[in-house]
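Trainee: My structure is below; once you've seen it, I'll send some questions.
Number of protein chains: 2
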Amino acid sequence: MEHINAANRVAIERMLSADPILIDVVTAVDVIPELGNSKMILHAGPPITWDRMCGPMRGAVTGIAVFEGWAANLSEAEGMAERGEFDFHPNHHFSAVGPMTGMTTASQPVMVVRNRAFGNDAYCAINEGLGKVMRFGGNDESVLARLVWLRDVLGPLMAKALRSMQGDDTQGVALKNLIARGLSMGDEMHQRNVACSGLLLRELSPALAKVSTDATQLSKVLAFIGSNDQFFLNVGMAMGKAIMDPVRNIEHSTVVTAMCRNGTDFGIRVSGTGDQWFVAPVEMPEGLYFPGFTAADANPDMGDSTIVETIGLGGFAMGAAPAVAGFVGAGNASGAAVYTRTMRGITVDENPEWTIPSMDYTGVPTGIDVRRVIDTNLTPTINTGIAHREPGIGQVGAGIVRAPMACFEQALRAIATLEGVA
Amino acid sequence: MEHINAANRVAIERMLSADPILIDVVTAVDVIPELGNSKMILHAGPPITWDRMCGPMRGAVTGIAVFEGWAANLSEAEGMAERGEFDFHPNHHFSAVGPMTGMTTASQPVMVVRNRAFGNDAYCAINEGLGKVMRFGGNDESVLARLVWLRDVLGPLMAKALRSMQGDDTQGVALKNLIARGLSMGDEMHQRNVACSGLLLRELSPALAKVSTDATQLSKVLAFIGSNDQFFLNVGMAMGKAIMDPVRNIEHSTVVTAMCRNGTDFGIRVSGTGDQWFVAPVEMPEGLYFPGFTAADANPDMGDSTIVETIGLGGFAMGAAPAVAGFVGAGNASGAAVYTRTMRGITVDENPEWTIPSMDYTGVPTGIDVRRVIDTNLTPTINTGIAHREPGIGQVGAGIVRAPMACFEQALRAIATLEGVA
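Chains D and L supply the protein sequences, listed in that same order.
Just so you know, we're using our numbering here: the first sequence kicks off at 18 and counts up by one.
Just so you know, we're using our numbering here: the second sequence kicks off at 18 and counts up by one.
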């Protein structure tokens with residue numbers, strides 16, 4: 018197994034040497050030209066067809082079709098979907114990721130995170146805030162109006178600001194140190210991003226002020242970012258994708274390069290098996306529900322946000338975020354470190370630059386090894402938001418979910434076949 | 018002792034029912050009219066005369082005299098000080114506080130925190146950032162130029178922004194919940210204010226954008242606040258003063274209402290003994306020094322910032338801020354909670370609204386009881402910055418310092434006399 022260990026060292030070194038920078042906001046079709054070809058919709062998770070999509074995913078699809086002007090209304094969009102007029106693909110196939118339903122289409126603004134160490138870019142749409150939002154399947158006028166405002170106002174202003182930060186030492190917003198600070202401020206970057214959202218605003222706001230020509234718009238943009246504790250989530254996700262893409266296709270490596278869910282299936286990719294998906298039915302999160310909702314309202318687990326756990330944050334960094342433990346119903350806050358220690362059992366290494374002060378600066382568990390998942394019978398712990406199963410209602414809670422063991426079993430079999438041992 | 022316990026309950030209830038709001042920035046003389054009478058200088062700590070002032074305090078005095086236009090240069094200012102031309106008083110005598118040297122004079126901008134539950138206001142100057150600054154005795158042209166910019170640009174813009182937030186529900190920036198969030202984000206609000214500084218900027222920046230008429234100035238103001246991790250310290254101090262002033266003069270109460278140091282003496286005030294100072298020589302902090310400096314460079318402990326510990330934060334809230342433990346040389350980060358638990362031994366109660374997630378939401382120790390300090394032989398733990406003993410050099414480290422036991426012994430004797438038991 019020495020050659021596998023050596024391949025995994027290569028994988029870890031690529032992860033640890035990544036240098037992700039938030040550099041721009043662009044129109045999606047400008048960086049993913051395929052989006053201009055047809056009525057193409059990128060979604061969260063592994064590949065899926067309309068007939069197998071869950072409620073919120075369907076809600077988001079019909080909403081985004083109206084947003085793109087392909088349909089006059091939601092019912093027309095639904096008919097088009099049923100007739101197969103939309104071309105569905107996973108975000109992951111196009112250097113992109115998206116939270117929950119994860120819609121990415123031609124005219125949406127996407128944030129660009131560049132991994133400066135490897136030269137690759139990754140994309141994610143801008144976080145819409147809480148309440149009725151498209152990532153939870155929301156699709157009414159208020160949802161679409163917000164997407165229009167993100168496209169026409171916030172996105173372009175953020176782009177101008179980030180570009181104005183080019184050329185000097187900063188070159189946009191460097192994310193590696195920002196994450197390190199966030200970990201010392203109670204964020205795990207999946208269900209808690211309040212610190213990183215604030216740190217990002219601190220860096221962005223002087224540039225936003227410099228490039229803005231409309232004080233009212235500027236004020237609204239600052240208020241939108243400043244009142245959204247999860248604003249950073251989408252930045253962190255693009256960062257995760259930018260870090261993991263160069264880790265793909267390392268021969269013999271058993272390190273997981275992506276985990277994602279579409280609300281129906283959970284999929285993982287492993288470095289040594291390239292772009293193959295190992296897919297199993299997605300599980301139900303266990304967690305706490307907002308007032309008025311119960312587990313009966315919950316949609317199964319959904320979104321590309323598990324890229325955050327793939328790089329050692331989220332559920333893997335729970336020890337940094339005791340306040341999250343209560344929020345996701347994961348027991349006493351003082352026990353949060355147990356999750357981090359347990360996840361260390363399925364990773365190759367720790368990240369020496371992303372450390373947890375309260376654990377005496379232990380690094381977050383880094384590089385999920387398929388072999389260790391099987392050996393320990395422990396699957397990755399994921400901190401997740403819970404969507405209502407009906408489209409258009411939104412988030413109903415937050416909880417913990419495990420990646421299905423079947424994905425890792427399939428992956429191990431595929432590796433065994435490649436290695437000639439099966 | 019039942020009547021003392023009852024009096025201390027009153028003190029605690031006043032502390033816990035405080036409702037501090039950052040409402041304004043004003044010119045000091047407009048709210049402290051005595052500052053206009055003569056060459057009056059308010060300083061940190063209990064009363065002190067020029068001949069007993071430490072190096073940084075003297076440096077700040079000469080600098081602020083030049084800033085106020087009373088002297089053409091530092092040596093002229095020194096001569097004036099020696100001839101007794103300045104009228105020195107503690108900040109604490111005028112509803113004010115100041116960090117380190119704590120200079121407050123007529124034309125400086127001061128932030129106003131109103132305790133809405135009791136109607137009293139408290140004042141503190143604006144934090145200057147790190148490096149060569151007046152609070153560490155800095156007094157060269159760069160230091161004075163920054164004070165001019167704070168007076169002419171940042172102060173007035175911040176005032177306009179805060180006033181624009183009046184009238185709606187927010188009425189400035191409410192601080193009680195902001196502190197609660199900061200405690201869940203690794204701040205203890207004395208040596209670590211990065212979270213609260215960010216949370217404050219989030220609330221202020223939309224208003225700053227709305228009222229600004231100069232994009233370059235706005236950008237500079239946002240960058241100044243956003244790059245100063247200790248920006249919030251001075252807000253927290255004014256908040257502490259606003260919380261504690263209504264706790265003064267409760268007959269029979271043994272709760273400490275102020276702790277402060279002028280670099281020569283440490284002074285405390287106790288509720289039942291009113292405005293009397295109990296003073297003892299200040300101690301040297303034990304801590305860690307910035308590269309190139311050692312304990313031989315250190316000035317004794319200084320500043321009104323111990324108002325933060327007086328309300329249960331700073332060293333008392335160390336459990337919330339494991340990253341601070343290393344910064345101040347207080348042992349392993351994982352042991353930070355020990356400081357909080359120990360300080361609970363000298364307080365009357367815990368604060369149910371200011372809790373520490375990693376300690377399963379234990380409230381910060383609140384209301385230092387002079388009797389308990391004597392009984393346990395434990396004096397308050399203070400997280401402090403360390404100034405160079407020469408004026409004009411600045412901060413050289415950070416550490417832990419204890420309030421001198423002699424202050425508490427004097428206070429207990431005075432209480433005993435009042436109670437007729439001595």
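By construction, the Cβ of each residue, glycine as well, lies at the ideal position given by its N, Cα and C atoms.
The structure presented is a predicted model; accordingly, all values stated were derived computationally and were not measured.
Give the residues of chain D in contact with L:Glu220, contact being defined as C-beta atoms less than 8 Å apart.
Mentor: Here residue 220 of chain L refers to the residue found at position 203 of the second sequence. In chain order: Gly243.
Trainee: Once the 5 residues before and after L:Leu164 are set aside, which same chain residues still bring their CB inside 6 Å of it?
Mentor: Taking the first residue of the second sequence as 1, we reach residue 164 of chain L at position 147. Once the five neighbours on either side are set aside, the close Cβ partners of L:Leu164 are Phe84.
Trainee: Decide if the region 392 to 404 of chain D is in contact with the region 417 to 427 of chain D; the criterion is three or more beta carbon pairs, one per stretch, under 8 Å apart.
Mentor: Segments in contact, yes.
Trainee: Is the CB of D:Asp377 under 7 Å away from at least one CB in chain L?
Mentor: Residue mapping note: residue 377 of chain D aligns to position 360 of the first sequence, counting from 1. For D:Asp377, the answer is yes, since a Cβ of chain L falls inside 7 Å of its Cβ.
Trainee: According to DSSP, what are the bridge partners of D:Thr383?
Mentor: Translated into positions along the first sequence, residue 383 of chain D becomes position 366. D:Asp366.
Trainee: L:Val114 to L:Asp292, Cα distance in whole Å?
Mentor: Looking up residue 114 of chain L in the second sequence gives position 97. Looking up residue 292 of chain L in the second sequence gives position 275. Spanning the two alpha carbons is a distance of roughly 15 Å.
Trainee: With a threshold of 7 Å between beta carbons, is L:Met97 in contact with chain D?
Mentor: The residue labelled residue 97 of chain L in the question sits at position 80 within the second sequence. Output row for L:Met97: interface = no.
Trainee: For chain L, find out if any of its Cβ atoms is closer than 7 Å to the Cβ of D:Ala340; answer yes or no.
Mentor: The residue labelled residue 340 of chain D in the question sits at position 323 within the first sequence. Taking Cβ atoms only, chain L reaches closer than 7 Å to D:Ala340, which makes this a yes.
Trainee: Name the chain L residues that come within less than 8 Å of D:Leu179, Cβ to Cβ?
Mentor: By one-based count along the first sequence, residue 179 of chain D stands at place 162. Simply none; closest approach about 15 Å.
Trainee: Ignoring anything shorter than 4 residues, give me the alpha helix (DSSP H) runs that lie fully in the region 41 to 69 of chain L, in order along the chain.
Mentor: Counting whole runs of 4 or more residues, the region 41 to 69 of chain L contains the alpha helix (DSSP H) stretches 45 to 48.
Trainee: Please work out which residues of its chain come closer than 6 Å, Cβ to Cβ, to L:Ile328, disregarding the five sequence neighbours upstream and downstream, and give them in chain order.
Mentor: In the second sequence, the residue the question calls residue 328 of chain L occupies position 311. Counting only Cβ-Cβ distances below 6 Å, and skipping sequence neighbours, we find Gly257, Ile260.
Trainee: Let me know the secondary structure DSSP gives D:Arg525 once reduced to three states.
Mentor: Since the displayed chain D opens at 18 and closes at 439, residue 525 of chain D lies outside it and no answer follows.
Trainee: Note down, in chain order, each residue of its chain lying with its Cβ closer than 6 Å to the Cβ of D:Thr379, except the 5 sequence neighbours on either side.
Mentor: Taking the first sequence and counting its residues from 1, one reaches residue 379 of chain D at position 362. Correct list, in chain order: Ile373.
Trainee: Check whether the region 98 to 107 of chain L and the region 51 to 62 of chain L are in contact - that is, three or more C-beta pairs closer than 8 Å.
Mentor: They touch, by the three-pair rule.
Trainee: With which residues is D:Arg219 paired in a DSSP beta bridge?
Mentor: The residue you call residue 219 of chain D lines up with position 202 of the first sequence. In DSSP, D:Arg219 forms no bridge with anything.
Trainee: Please report the residue range of the alpha helix (DSSP H) in which D:Thr281 lies.
Mentor: As a working note, residue 281 of chain D is residue 264 in the first sequence. Here D:Thr281 belongs to no alpha helix (DSSP H), and DSSP marks it neither H nor E.
Trainee: Going by alpha carbons, who is nearest to D:Asn137 out of D:Gly409, D:Gly352, D:His269, D:Ile38?
Mentor: Residue numbering aside, residue 137 of chain D sits at position 120 when the first sequence is read from its first letter. Nearest option by C-alpha distance: D:Ile38.
Trainee: Might you give, ordered along the chain, the residues of its own chain that have their beta carbon closer than 8 Å to the beta carbon of L:Thr122, omitting 5 neighbours on each side?
Mentor: Taking the second sequence and counting its residues from 1, the one referred to as residue 122 of chain L is at position 105. Contacts found: Ala45, Leu52, Met57, Ile58, Leu59, Ile81, Phe84, Glu85.
Trainee: Once the 5 residues before and after D:Leu305 are set aside, which same chain residues still bring their CB inside 6 Å of it?
Mentor: Here residue 305 of chain D corresponds to residue number 288 of the first sequence, with the count starting at 1. Answer for D:Leu305: Gly346, Gly414, listed in chain order.
Trainee: Check this for me: beta carbons of D:Pro408 and D:Gly72, under 7 Å apart or not?
Mentor: Here residue 408 of chain D is taken as the residue at index 391 of the first sequence, counted from 1. Here residue 72 of chain D is taken as the residue at index 55 of the first sequence, counted from 1. Yes; because the gap between Cβ atoms is below 7 Å, this pair is in contact.
Trainee: Pull up the DSSP beta-bridge partners for L:Pro374, would you.
Mentor: If you number the second sequence from 1, residue 374 of chain L lands on position 357. Answer is none; L:Pro374 lacks a bridge partner.
Trainee: So which residues on chain L does D:Leu216 lean against when the C-beta distance must stay under 7 Å?
Mentor: The residue you call residue 216 of chain D lines up with position 199 of the first sequence. Residues of chain L passing the Cβ test: Gly215.
Trainee: What are the residues of the region 46 to 61 of chain D that lie near chain L, defined by any Cβ-Cβ distance shorter than 8 Å?
Mentor: Of all residues in the region 46 to 61 of chain D, none has a Cβ within less than 8 Å of some Cβ in chain L.
Trainee: Are there any heavy atoms of the ligand FAD lying less than 6 Å away from the beta-carbon of L:Val325, as far as the coordinates show?
Mentor: What this structure holds is no ligand at all, so the ligand FAD is not there to describe.
Trainee: Evaluate D:Met301 with the Cβ neighbour count: other Cβ atoms within 10 Å of its Cβ, from every protein chain shown; 16 or more gives buried, anything less gives exposed.
Mentor: As a first step, residue 301 of chain D is located in the first sequence; it is residue number 284 there, counting from the start. That one is exposed.
Trainee: When the Cβ atoms of the region 206 to 224 of chain L are set against those of the region 269 to 289 of chain L, are three or more pairs found closer than 8 Å?
Mentor: Cβ pair count under 8 Å is below three, so no.
Trainee: How would you label D:Gln247, buried or exposed, when you count the other beta carbons within 10 angstroms and need 16 or more for buried?
Mentor: Translated into the one-based positions of the first sequence, residue 247 of chain D becomes position 230. When all chains shown are included, D:Gln247 counts as buried.
Trainee: Is the shortest distance between the beta-carbon of L:Ala191 and the beta-carbons of chain D less than 7 Å?
Mentor: On the second sequence, residue 191 of chain L is found 174 positions in, with the first residue counted as 1. Chain D, which has no Cβ nearer than 7 Å to the Cβ of L:Ala191, makes this no.
Trainee: Which residues in the same chain have their Cβ closer than 6 Å to the Cβ of D:Ala354, if we skip the five residues on either side of it in sequence?
Mentor: As a first step, residue 354 of chain D is located in the first sequence; it is residue number 337 there, counting from the start. Around D:Ala354: Gly336, Met376.
Trainee: For D:Phe295 and D:Arg69, I'd like the C-alpha separation in whole angstroms.
Mentor: In the first sequence, the residue the question calls residue 295 of chain D occupies position 278. In the first sequence, the residue the question calls residue 69 of chain D occupies position 52. Computed Cα separation, rounded: 17 Å.
Trainee: Is there at least one Cβ from chain L nearer than 7 Å to D:Leu171's Cβ?
Mentor: Along the first sequence, one-based indexing puts residue 171 of chain D at 154. It does not; no Cβ of chain L falls within 7 Å.
Trainee: Under DSSP, the beta strand (DSSP E) around L:Pro107 begins and ends at which residues?
Mentor: What you label residue 107 of chain L is simply residue 90 of the second sequence in a count that begins at 1. Segment 104 to 107, the beta strand (DSSP E) holding L:Pro107.
Trainee: With 7 Å set as the bound, which would you pick, yes or no: does the beta-carbon of L:Leu456 sit closer than that to a beta-carbon of chain D?
Mentor: This structure gives no information on residue 456 of chain L, because the portion of chain L shown stretches from 18 to 439.
Trainee: Consult DSSP for D:Glu303 and reduce its assignment to one of helix, strand or coil.
Mentor: Walking along the first sequence from the start, residue 303 of chain D turns up at place 286. In this structure, D:Glu303 counts as strand in the three-state DSSP scheme.
Trainee: Under 7 Å between C-beta atoms, does L:Leu235 make it to chain D?
Mentor: Here residue 235 of chain L refers to the residue found at position 218 when the second sequence is read from its first residue. Closer than 7 Å to some Cβ of chain D, the Cβ of L:Leu235 qualifies, so yes.
Trainee: DSSP on L:Met256, reduced to helix/strand/coil?
Mentor: Translated into the one-based positions of the second sequence, residue 256 of chain L becomes position 239. If DSSP states are grouped into helix, strand and coil, L:Met256 belongs with the helices.
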